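Novice:
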Amino acid sequence: MDDPALSSPRHLSRRSLMTTGVLAAGAMGVAAPAVGTPLTGPARASAGVTKRVTLYAEQLPGGLYGYGLAPGQATVPGPVLEMYEGDTLEITLVNTTNQRLSIHPHGVDYSTDSDGSPLNASYNDPGETRTYVWRSREMFAASGRRFMPGSAGYWHYHDHAMGTDHGTAGVAKGLYGALIVRRRGDILPEKQFTVVFHDMTINNRMAPDTPMFEANLGQRVEWIAIGHGNLFHTFHLHAHRWADNRTGMLEGPSDPSQVIDNKDLNPGSSFGFQVLAGEGVGPGVWMYHCHVQNHSDGGMVGLFLVRNADGSMPPGAEEAIHRFRGHTHQHGR
Amino acid sequence: MDDPALSSPRHLSRRSLMTTGVLAAGAMGVAAPAVGTPLTGPARASAGVTKRVTLYAEQLPGGLYGYGLAPGQATVPGPVLEMYEGDTLEITLVNTTNQRLSIHPHGVDYSTDSDGSPLNASYNDPGETRTYVWRSREMFAASGRRFMPGSAGYWHYHDHAMGTDHGTAGVAKGLYGALIVRRRGDILPEKQFTVVFHDMTINNRMAPDTPMFEANLGQRVEWIAIGHGNLFHTFHLHAHRWADNRTGMLEGPSDPSQVIDNKDLNPGSSFGFQVLAGEGVGPGVWMYHCHVQNHSDGGMVGLFLVRNADGSMPPGAEEAIHRFRGHTHQHGR
Amino acid sequence: MDDPALSSPRHLSRRSLMTTGVLAAGAMGVAAPAVGTPLTGPARASAGVTKRVTLYAEQLPGGLYGYGLAPGQATVPGPVLEMYEGDTLEITLVNTTNQRLSIHPHGVDYSTDSDGSPLNASYNDPGETRTYVWRSREMFAASGRRFMPGSAGYWHYHDHAMGTDHGTAGVAKGLYGALIVRRRGDILPEKQFTVVFHDMTINNRMAPDTPMFEANLGQRVEWIAIGHGNLFHTFHLHAHRWADNRTGMLEGPSDPSQVIDNKDLNPGSSFGFQVLAGEGVGPGVWMYHCHVQNHSDGGMVGLFLVRNADGSMPPGAEEAIHRFRGHTHQHGR
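Residue numbers (full-length UniProt numbering), protein chains in the order written: chain G, 1 to 333; chain D, 1 to 333; chain Y, 1 to 333.
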């Protein structure tokens, strides 16, 4: 199974290309919509661009299902989808499976027929192709100095129709992925990692088979963390931290946001942040894990390999990776 | 059972009147207290008004208990209580039941005898009437540019004495409600919905008997979400989003708040936000639900009906409501 | 067992001295590093001071383990460690036990050999002494108006090596404590309380043996709340509230932070805030507790005694304390 969240060079370059392609469409010089008074309803004009993507929902080995950008390319999690505030994303979902399924986004605007829910009869029957439209917008004035929020955020998408009316079976089997809506001017990362805490797994895997993400010292890395399933979790990353706000960075010296390195990651929630790999701490192998003790002991842990700036392995890294892979994670010494 | 959180026109107009009455007292042109140095202790003068409310705690059918603003009017949840920062609320609680009970608020100031806890011998014996005083205040200077926070927020109140010293039986049976403290200048909503995630229920109900909230396209709707009980939850609303801060709106373009559509809603916590019904997405039937998969599958889901701007039903809405009511929610197709 | 979180005068003055000592080093007139461009890697110069602390990990009665600043002084939780952004803390950990253990911090910078994890072979064997180095830094410019966050925060430290590779046994037995990194100019408190919600305990104790924290009316009190273990919790403090941001105070009138009195406190997370004891509510005995109903009923509750300004007991306080201690907490009346 291909895993776009796994940052081996081969996978990353493929994903980077896809991501760049999607971003390029959104970034190509379209003027930002003016912040103004609210326009109500789906007829509201978008000042951004419309991008069209075809997604394939496929059955995968091991009882899994995934979304992919081309036939035979489905992965768990699915590809990172990106847009700028104001853009529209038209997703043609090809259901190659024998199951009812759909795609339901968080954070963006959609009419009831793109809700992805059986409640609104918005899903793909087995073998069916259906188009879902996701719109986005900038903040607009409410009253006084206040603004109704725009769509920018680290969001996610998932099935909402397989198994139950809430897509419980589809989510359990891997039909989920990251969706990013950027505000114009946001800093773009050099690498992206998607981490889904889902019951006792990370991206439906357990240690030592969880993703090992890689970056070179100083690279700007974007993490998108998503929660799913029935259990509560806390996401912890060693030796790196971020601001608990929209971007993970501070807007200025008086930004009141708490800086954290551990955050609740519960079903349906998501957040994202950027770090400079190894900044202030150096290269090496750093754990990311659920901080609920019996979850980390049970296998909800993975590695973030920060290589030297030239891409070579830092001292001790091979040994740490070997240590991680060499024993089942449940048992201490 | 009357349900003030259920926005049928009859109920809403009744609640709106009550709410307006309570708000009017708080809003009638009283000068805001100056932001200044702290004044310690209950003797601190309030620059707001004092409002007096009588609440009746009553037994209801189905083993429930509720608070109401008049005899025979108790509901689950209880009425929305509102005040402006600086106001005082004097609540005369009439206990018409044969149980020990109390009322304990979050977010406001009270002396130990208004704590509502058995620890401070602050409760109503069966049949007893007792007055609780809740004060509020504006932020005041701490040091440098910092301020000690005021009382403004989306809070809640609940029993703290029935069954155990923490009111576990009272909370379990419905003795809870929303409390809003507004800052002067806050935008007022046209409608209000109270949603209490409480163990496997919403407002002590399960689908399809959960509240269906209604608004017309573009109406400014205020949601107050409260958590209770023993389980963890995440509140998700389809097709609408809000800023994760005090008001749910952005204070300006550099407000760092994350924008979300899914938020942890755990015991004792509360939050609120305003949305424009159907803004950017159009009218229709939208789900709100706990995003923990086995909670939504188990019945923690309700409907938000956004009608056309003229109050008529949008296409597909009747069918969606029928679908929701027509089958038990636990089973998919 | 000595408990530094328990604010009896004897303990507090001892801890205050230690804390003052640690703070003094950090505060002694060292110029703040300029906010500038990022410097990558552990070679980055610190503009702060380097402080050296020796910690002793010891076995305690009742199967507990603790960290202490002198032999025979270990406590649960361990001492509050403090530094200013830019400072470095060199911790020489003396392992007096027959168990493998370590110290792992949240929020600060450390190389892999100070990670405290078996993954990086960073731990003390039984009887071994080992030095861990924690660095900190101020925010620095990212791009545009944004800053990469500094280290300031209410953090914590804990074992990461006893029992399992995640230190599950060490954490379960009390090897944890608070770590504060302050930004220059932050307001210093008069008292500090550390509250660790850890499975069904507070600081590994259950009511009525949980800590009773004490302050005089109007004193500036700092709470550091830490979550550990396998369960989810919500921290609630009666009659006091704080802003849900880095300091618990508002940065100014347009600070968007929600003001709260109940917050999720899950494994690996921490937060802190300052309140003026009894401000606006008067002296008395106030509960702090987990708001998950069967956790508070099960013993996750303690007392915050606010004395009169002159240190004398307010009316009703003795009775409330007697009530709290006199019956097991699980049973109501």
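Yeah, the Cβ is synthetic: ideal placement off N, Cα and C, and Gly gets one too.
Just so you know, these numbers come straight off a predicted model, no measurement behind them.
Measure how close the beta-carbons of R95 (chain D) and P61 (chain D) come, nearest whole angstrom, since I'm counting them as under 8 Å.
Specialist: According to the sequence as given, residue 95 (chain D) is Asn; it is not Arg. The Cβ separation is near 19 Å, so there is no contact.
Novice: Whole angstroms are fine: how far does the CA of V275 (chain G) sit from the CA of T247 (chain Y)?
Specialist: 23 Å
Novice: Does the segment 84-100 of chain D come into contact with the segment 173-184 of chain D, if we say contact requires no fewer than three beta-carbon pairs (one atom in each stretch) closer than 8 Å?
Specialist: Segment contact: the segment 84-100 of chain D against the segment 173-184 of chain D, three or more CB-CB distances shorter than 8 Å; contact assigned.
Novice: What did DSSP end up calling V76 (chain D) once you bin it into helix, strand or coil?
Specialist: coil
Novice: Compare the C-alpha of R137 (chain D) against each of Y:P208, Y:A178, Y:S312 and Y:E279 and name the closest.
Specialist: The shortest C-alpha to C-alpha distance from R137 (chain D) to any of Y:P208, Y:A178, Y:S312 and Y:E279 is the one to Y:E279.
Novice: Starting from the Cα of W242 (chain D), find the closest Cα among G:A309, G:P149, G:F197 and G:Q73 and give me that residue.
Specialist: Shortest Cα-Cα distance from W242 (chain D) to any of G:A309, G:P149, G:F197 and G:Q73 involves G:P149.
Novice: Please report how far the alpha carbon of A152 (chain Y) lies from the alpha carbon of V171 (chain Y), in whole angstroms.
Specialist: 24 Å
Novice: May I ask you to list the residues that DSSP assigns as paired with T194 (chain G)?
Specialist: When beta bridges are read from the DSSP output, T194 (chain G) appears opposite G:I224.
Novice: Report yes if the C-beta distance between H166 (chain G) and Q258 (chain D) is below 8 Å; otherwise report no.
Specialist: no
Novice: Helix, strand or coil for E279 (chain Y)? Go by DSSP, reduced to three states.
Specialist: coil
Novice: Please name the residue or residues paired with Y288 (chain G) in a DSSP beta bridge.
Specialist: G:L237 and G:G302
Novice: List the residues of chain G whose Cβ lies closer than 7 Å to the Cβ of R241 (chain D), in chain order.
Specialist: G107 and P149
Novice: Between which two residues does the alpha helix (DSSP H) holding G170 (chain D) run?
Specialist: T168 to A172
Novice: Please report the straight-line C-alpha distance between D264 (chain G) and A161 (chain D), rounded to a whole angstrom.
Specialist: 31 Å
Novice: Can you name the start and end residues of the beta strand (DSSP E) that F232 (chain G) belongs to?
Specialist: Per DSSP, F232 (chain G) belongs to no beta strand (DSSP E) and is neither H nor E.
Novice: Report the three-state DSSP secondary structure of D264 (chain Y) (helix, strand or coil).
Specialist: strand
Novice: Please report the distance separating the alpha-carbon of D143 (chain D) from that of P189 (chain Y).
Specialist: For clarity, residue 143 (chain D) is Ser in the given sequence; the question names Asp instead. Roughly 12 Å between the two C-alpha positions.
Novice: What number of angstroms, rounded off, separates the C-alpha of K173 (chain G) from the C-alpha of L119 (chain D)?
Specialist: 49 Å
Novice: Can you name, in chain order, every residue of its own chain whose Cβ lies under 8 Å from the Cβ of V195 (chain G), other than the five neighbours on each side?
Specialist: A5, I202, N203, P211, W223, I224, A225, I226, F235, Y288 and G302
Novice: Please determine, among D:A141, D:L305 and D:Y56, the residue with the shortest C-alpha to C-alpha distance to L175 (chain D).
Specialist: D:Y56
Novice: In the DSSP assignment, the beta strand (DSSP E) including E90 (chain Y) goes from what residue to what residue?
Specialist: Unbroken beta strand (DSSP E) run through E90 (chain Y): T88 to N95.
Novice: According to DSSP, V259 (chain G) sits in a beta bridge with which residue or residues?
Specialist: G:A243
Novice: Just the Cα atoms here: how many angstroms apart are S269 (chain G) and Y65 (chain Y)?
Specialist: 36 Å
Novice: For A141 (chain G), count neighbouring Cβ atoms within 10 angstroms of its own Cβ and tell me buried if that reaches 16, exposed if not.
Specialist: Classification of A141 (chain G): exposed, given that the 10 Å Cβ count is below 16.
Novice: Could one say the Cβ of G185 (chain G) lies closer than 8 Å to chain Y's Cβ atoms, at least one of them?
Specialist: yes
Novice: So which of D:F304, D:N308, D:H106 and D:T131 has the shortest CA-CA distance to I321 (chain D)?
Specialist: D:F304
Novice: What beta strand (DSSP E) runs, 3 residues minimum, are completely inside the segment 96-140 of chain G?
Specialist: If only uninterrupted beta strand (DSSP E) runs of at least 3 residues are considered, those enclosed by the segment 96-140 of chain G are 129-135.
Novice: Are there 16 or more other CB atoms within 10 angstroms of the CB of E128 (chain Y), so buried, or fewer, so exposed?
Specialist: exposed
Novice: Do we get a CB-CB distance below 8 Å when we pair E318 (chain Y) with the residues of chain G?
Specialist: no
Novice: When you compare the CB of Y110 (chain G) with every CB in chain D, is at least one pair closer than 8 Å?
Specialist: At least one chain D Cβ lies under 8 Å of Y110 (chain G).
Novice: Would you say L119 (chain G) faces chain D, with C-beta separation under 8 Å as the test?
Specialist: yes
Novice: Does any residue of chain D bring its CB to less than 8 Å from the CB of L276 (chain Y)?
Specialist: yes
Novice: What residue does the beta strand (DSSP E) around R182 (chain G) start on, and which one ends it?
Specialist: Y176 to R182
Novice: When you compare the CB of L101 (chain G) with every CB in chain Y, is at least one pair closer than 8 Å?
Specialist: no
Novice: Out of curiosity, what's the CA-to-CA distance linking E82 (chain Y) and L179 (chain Y)?
Specialist: 6 Å
Novice: What does the alpha-carbon distance come out to for the pair T131 (chain Y) and Y67 (chain D)?
Specialist: 59 Å
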